[in-house]
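S.K.: My numbering numbers the first residue of the sequence shown as 5 and each following residue consecutively. We put the CB at the ideal spot given by N, CA and C, even for glycine. Below you'll find the structure I mean.
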Amino acid sequence: MIRMDTAITLCFGPPISIAVVFVVGILALRYLEISSQILDFILRRKYPIYHASSNRYLPTVPFVLPNGQGNVEKFLNGRQNSVKWGMQYGPVYRIWSGFEGEVHRVLTKPDDIEVVFRDSHNHCKAAANNSGHLMNLLLGSCVGLISGSEWQDLRRATEHSFLRPSAKSLIPRIFANAKAYISTLHSDKTKEMMRQSTIKCADNKMNLHPVVDLKNYPFLVVAEVLYGTLSNELQQRLVALIPGRIKVFDQVIQGGITRFKASRVLPLQIHREIDAFKENWARWNDDAHAAALILQKQQNEDQKRNTDTTTLRPAILDMYKSVADGITTREHILQTLDEMLFANLDVTMGALSWPLVFLAAHADVQRKLRHEICSASSKTGAELEQYLMSQDTYLHFVMLEAARLRPLVPFSIPQSCPTPRLVSGYEVPAGTNYIVDTYALNIRNPTWGPDNTRFRPERWGEKESEGRKTKLKESRYSYWRFGFGPRLCMGKYVADVMIKVMIYQMVQQFEMTLGENDGWKWDEESWIHHPATEIQCARI
Numbered sequence: 005m006i007r008m009d010t011a012i013t014l015c016f017g018p019p020i021s022i023a024v025v026f027v028v029g030i031l032a033l034r035y036l037e038i039s040s041q042i043l044d045f046i047l048r049r050k051y052p053i054y055h056a057s058s059n060r061y062l063p064t065v066p067f068v069l070p071n072g073q074g075n076v077e078k079f080l081n082g083r084q085n086s087v088k089w090g091m092q093y094g095p096v097y098r099i100w101s102g103f104e105g106e107v108h109r110v111l112t113k114p115d116d117i118e119v120v121f122r123d124s125h126n127h128c129k130a131a132a133n134n135s136g137h138l139m140n141l142l143l144g145s146c147v148g149l150i151s152g153s154e155w156q157d158l159r160r161a162t163e164h165s166f167l168r169p170s171a172k173s174l175i176p177r178i179f180a181n182a183k184a185y186i187s188t189l190h191s192d193k194t195k196e197m198m199r200q201s202t203i204k205c206a207d208n209k210m211n212l213h214p215v216v217d218l219k220n221y222p223f224l225v226v227a228e229v230l231y232g233t234l235s236n237e238l239q240q241r242l243v244a245l246i247p248g249r250i251k252v253f254d255q256v257i258q259g260g261i262t263r264f265k266a267s268r269v270l271p272l273q274i275h276r277e278i279d280a281f282k283e284n285w286a287r288w289n290d291d292a293h294a295a296a297l298i299l300q301k302q303q304n305e306d307q308k309r310n311t312d313t314t315t316l317r318p319a320i321l322d323m324y325k326s327v328a329d330g331i332t333t334r335e336h337i338l339q340t341l342d343e344m345l346f347a348n349l350d351v352t353m354g355a356l357s358w359p360l361v362f363l364a365a366h367a368d369v370q371r372k373l374r375h376e377i378c379s380a381s382s383k384t385g386a387e388l389e390q391y392l393m394s395q396d397t398y399l400h401f402v403m404l405e406a407a408r409l410r411p412l413v414p415f416s417i418p419q420s421c422p423t424p425r426l427v428s429g430y431e432v433p434a435g436t437n438y439i440v441d442t443y444a445l446n447i448r449n450p451t452w453g454p455d456n457t458r459f460r461p462e463r464w465g466e467k468e469s470e471g472r473k474t475k476l477k478e479s480r481y482s483y484w485r486f487g488f489g490p491r492l493c494m495g496k497y498v499a500d501v502m503i504k505v506m507i508y509q510m511v512q513q514f515e516m517t518l519g520e521n522d523g524w525k526w527d528e529e530s531w532i533h534h535p536a537t538e539i540q541c542a543r544i
C-alpha cells in the first residue's frame with residue numbers, strides 16, 4: 005500500500021527531456037508570436053500613415069517582440085535587411101524600434117530626403133537613438149543624440165578642438181604619429197614572423213589586418229586631442245576600461261528586456277556592470293583633467309620662455325570649465341567624451357579600413373594615388389596641410405568612394421521633423437522619426453549610374469555625367485556619410501585628416517595586395533560594418 009504522503013519523483017530519460025524542452029520552447033515562441041501580432045495591430049492603429057490621394061496605408065514591417073526591427077535587425081543585420089525590406093516594401097516604408105510609440109520612416113530616394121532634411125537644424129534626434137534604456141544610460145545625453153538648446157549649449161562647449169582650423173593645426177602631429185605607428189607596427193610584425201618561422205623572413209613584408217592592427221592609431225590621436233599627453237599610468241587605466249565598455253555596448257545592441265526602463269528593478273548583472281563602468285569612467289576623467297591642468301600650466305610657463313612654442317590645449321579643460329560655469333552638465337560631458345573616444349572609434353576604424361582594402365584590390369587606383377602622393381611628398385608645412393585638407397584631390401576621392409560603397413551603418417540615426425511632410429505621396433505627421441537607408445542611397449540610387457557598384461574614385465571629380473552640369477559631390481541628398489544639414493558629425497574634419505594621413509603613409513611606403521584566396525570578408529559581430537580581411541603589404 006502506498007502512503008498518501010509519499011513523495012513521488014518522475015524521472016524522464018533523455019528523449020522525454022528533450023521533448024519537454026522542445027514543447028516549452030514551441031509554446032514560448034507561439035506566445036511571442038501572438039503577442040507581437042497584437043502589439044503590431046495596436047501600433048498600426050495608434051500611428052496611422054496614409055497616402056494623400058489613394059488613402060493607401062504606408063507599407064510597414066510587422067512588429068516583432070521585443071525590439072521591433074531595432075537593435076539587432078537594424079544594426080547587426082541591417083546590411084541584409086536593407087535589400088530584403090526594400091524589395092518587399094518599396095522605397096518608402098516603416099520599421100519599428102521598440103514599441104513605445106517610436107516610429108521610423110525609412111528613406112531611400114534623394115527627393116524624399118530633401119523634403120525631410122531641408123530644415124534639419126530644427127529636427128529632434130530620437131531619444132537614445134531609439135535603442136532603449138541601456139543606451140540612454142550610456143550615451144543618451146551625449147552631443148550626438150540630443151537636440152534643441154541642450155544640444156546647442158553642449159556643442160559649443162565641446163566643438164572647438166574639432167573645428168576645421170583645429171583639425172588643420174593637428175596635421176603635423178597626426179602625420180608624425182601615423183608615420184611612427186606604421187614603423188613600430190612593421191617592426192613588431194617582422195619580429196613576430198621571424199619568431200614563428202624557421203625560414204628567414206623578408207623584413208620588407210607584412211600582413212595587415214586593418215581593423216585589428218590600426219585600431220590604436222585613431223584611439224591615441226583622439227585621446228591626445230581630448231586629454232593632452234597622458235602618463236603611462238593613465239594610459240594603462242584607460243586601456244583597462246575598454247573590455248567593460250565593449251561588454252556593455254554589446255548588450256545595448258542586443259536589446260531585449262534591457263531596452264525597457266522597468267528592467268532596472270530586475271537583478272541583472274548588466275546593470276551592475278554599466279554602473280561600474282560609468283563610475284570608473286568618471287573617476288578616470290577627473291584624474292585626466294587634473295593631469296591636464298598640470299600639463300597646461302607647464303606649457304604656459306614654457307611659452308613664456310619661448311614665444312615660438314605652439315601647444316595643443318587639451319579639450320577636457322574647456323569641457324570641465326563649461327560644467328563649472330553652468331553651461332552644461334557633468335553627465336553630458338562624460339557621455340560626450342565616451343562618444344568621442346569609444347563609440348566613434350568603431351566608426352573611424354570602418355572609415356579607415358575600407359579604403360585600404362579597396363586600394364589593395366584595385367592596383368590601378370593604387371598606382372594612380374601613389375603617383376599623386378609622390379608628387380605631394382615634397383610638400384611641407386602649409387602646402388602639405390593644404391593638400392590633406394583639400395577636397396579636390398584623388399586622395400579625397402578615394403576616401404569618398406570607399407565610404408560610398410561601404411556605408412558604416414545601414415541606417416542613419418533617427419530624427420523627427422517639427423512639421424508634417426508629404427513623402428512620396430504619404431502624409432507623415434510631425435514628430436515622426438526618419439531614417440535613411442544608406443545602402444539604397446549610396447549604391448542602389450540611380451544617381452550613381454550603371455557602374456554604381458564599381459569602385460571608381462574618378463566619379464567624384466567629374467564635372468559632367470550623363471548631362472548633369474554639377475559634380476556628383478554637389479548632389480548633397482544622394483550621398484550619406486556624416487549626415488545632412490547643419491547637424492553633421494562634429495568630428496568629421498579630424499576624422500578625415502586621420503584617415504587621409506594613414507592612407508597617405510600606407511600608399512607611400514607599401515604596395516598593398518589581397519591574397520589570392522581572400523574574399524571580401526565582413527566582421528559580422530560588429531555594429532559598424534568592418535572588414536575582416538588581411539592585406540599583404542610589401543615595402544616599396
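1) Going straight from the alpha carbon of L321 to that of Q339, what length do you get?
2) Run through the DSSP bridge pairs and tell me what G72 is partnered with.
3) Please give the ranges of any alpha helix (DSSP H) in the region 331–415, keeping only runs that are unbroken, at least 4 residues long and fully inside the region.
4) Once you ignore the five residues that flank V68 on each side, which residues in its own chain have a CB closer than 7 Å to its CB?
5) Starting from C128, follow its DSSP beta bridges and name the residues at the other end.
6) What does T517 pair with, by DSSP beta-bridge criteria?
7) Go through its chain and collect everything with a Cβ distance to K496's Cβ below 6 Å, but skip five positions before and after it.
8) DSSP puts R425 in a beta bridge; with which residues?
9) Ignore the nearest five residues each way along the sequence and tell me which others in L158's own chain have a CB closer than 6 Å to its CB.
10) Less than 7 Å between the beta carbons of D368 and S86, yes or no?
11) Which word fits G82, buried or exposed, when buried means at least 16 other C-beta atoms lie within 10 angstroms of its C-beta?
12) By alpha-carbon positions, which one of L518, H533, A347 and C493 ends up nearest to W548?
13) Counting only runs of 4+ residues fully inside the region 258–339, write out the alpha helix (DSSP H) ranges in chain order.
14) Would you decide whether C541 is buried or exposed? Buried here means 16 or more other CB atoms lie within 10 Å of its CB.
15) How about S420 and I439: do their beta carbons lie closer than 7 Å?
16) Please classify T397 as buried or exposed, where buried requires at least 16 neighbouring CB atoms within 10 angstroms.
17) With a 10 Å radius around its C-beta and 16 neighbouring C-beta atoms as the bar for buried, classify S482 as buried or exposed.
18) I need the straight-line Cα distance from L224 to K209, nearest angstrom please.
19) When the Cβ atoms of the region 278–290 are set against those of the region 117–129, are three or more pairs found closer than 8 Å?
20) Considering only their Cβ atoms, is the gap separating P318 from G232 smaller than 7 Å?
21) Buried or exposed for W524, going by 16 or more other Cβ atoms inside 10 Å?
22) Go through its chain and collect everything with a Cβ distance to K477's Cβ below 8 Å, but skip five positions before and after it.
23) Determine, using beta carbons only, whether L373 and V511 come nearer to each other than 7 Å.
24) Out of N75, L43 and H55, which has the shortest C-alpha to C-alpha gap to P66?
25) Does the beta-carbon of L111 have 16 or more other beta-carbons within 10 angstroms, so that it is buried, or is it exposed?
26) I'd like to check one pair, Y430 with I117: are the Cβ atoms closer than 7 Å?
27) For my contact list, G489 and F121 are in at a C-beta cut-off of 8 Å; report their separation, rounded to the angstrom.
28) V440 by DSSP, collapsed to three states: which one?
29) Would you mind reading off the limits of the alpha helix (DSSP H) that contains N220?
30) Leaving out five residues before and five after P454 in sequence, what residues of the same chain have Cβ atoms less than 6 Å from its Cβ?
31) Quick one: what does DSSP say Y54 is sitting in, helix, strand or coil?
32) Specify, as a first and last residue, the run of the alpha helix (DSSP H) that N85 falls within.
33) Which runs of the alpha helix (DSSP H) at least 4 residues long sit entirely within the region 109–190? Give them in chain order.
34) Whose C-alpha, out of R263, R543, P214 and V432, is nearest the C-alpha of R60?
35) Should V327 and P535 be called a contact, given that it needs their Cβ atoms to be closer than 7 Å?
36) Might you give, ordered along the chain, the residues of its own chain that have their beta carbon closer than 7 Å to the beta carbon of L189, omitting 5 neighbours on each side?
M.R.: For this structure:
1) Annotation: L321 to Q339 spans about 16 Å, alpha carbon to alpha carbon.
2) BP columns for G72 point to S101.
3) Counting only runs of 4+ residues, the alpha helix (DSSP H) found wholly inside the region 331–415 occupies 334–342, 348–365, 367–380, 385–393 and 398–409, in chain order.
4) Shown here for V68: same chain residues with a beta carbon closer than 7 Å to its own, the five before and five after excluded, namely S40 in chain order.
5) According to DSSP, C128 bridges with S420.
6) DSSP lists Q540 as partners of T517.
7) Cβ neighbours of K496 beyond the five flanking positions: F486.
8) BP columns for R425 point to V432.
9) Taken in chain order, the residues that qualify are V147, T332 and H336.
10) Not in contact: D368 and S86 (Cβ atoms no closer than 7 Å).
11) With 16 or more other Cβ atoms within 10 Å, it is buried.
12) A query on residue 548 cannot be resolved here, the shown segment of the chain reaching from 5 to 544 and no further.
13) 273–309 and 319–328, all fully within the region 258–339.
14) Counting Cβ neighbours within 10 Å, C541 comes out buried, since at least 16 surround it.
15) Taking the C-beta atoms as reference points, I439 is found no nearer than 7 Å to S420.
16) When all chains shown are included, T397 counts as buried.
17) It is buried - the Cβ of S482 has at least 16 other Cβ atoms within 10 Å.
18) Distance between the alpha carbons of L224 and K209: 25 Å.
19) Touching, no, given that fewer than three Cβ pairs across the two stretches are closer than 8 Å.
20) Yes, these two residues count as a Cβ contact at 7 Å.
21) When all chains shown are included, W524 counts as exposed.
22) With a pLDDT of 41 at K477, under the threshold of 50, the modelled position of this residue cannot be trusted, and the question is left open.
23) Going by C-beta atoms, L373 is nearer than 7 Å to V511.
24) Nearest option by C-alpha distance: L43.
25) Flag for L111 reads buried.
26) Taking 7 Å as the Cβ cut-off, I117 and Y430 do not qualify as a contacting pair.
27) About 5 Å; that satisfies the 8 Å criterion.
28) Reduced to three states, the DSSP call for V440 is strand.
29) It spans N220 to Y231 - the alpha helix (DSSP H) in which N220 sits, taken as one unbroken run.
30) Contacts found: none.
31) DSSP places Y54 within a strand segment (E or B) once states are collapsed to three.
32) Taken as a continuous stretch (DSSP letters only), the alpha helix (DSSP H) holding N85 covers G82 to Y93.
33) Runs found: 114–121, 137–143 and 152–162.
34) Considering only alpha carbons, the answer is V432.
35) Cβ atoms of V327 and P535: not closer than 7 Å.
36) Excluding residues within five positions, the ones whose Cβ falls inside 7 Å are D217.
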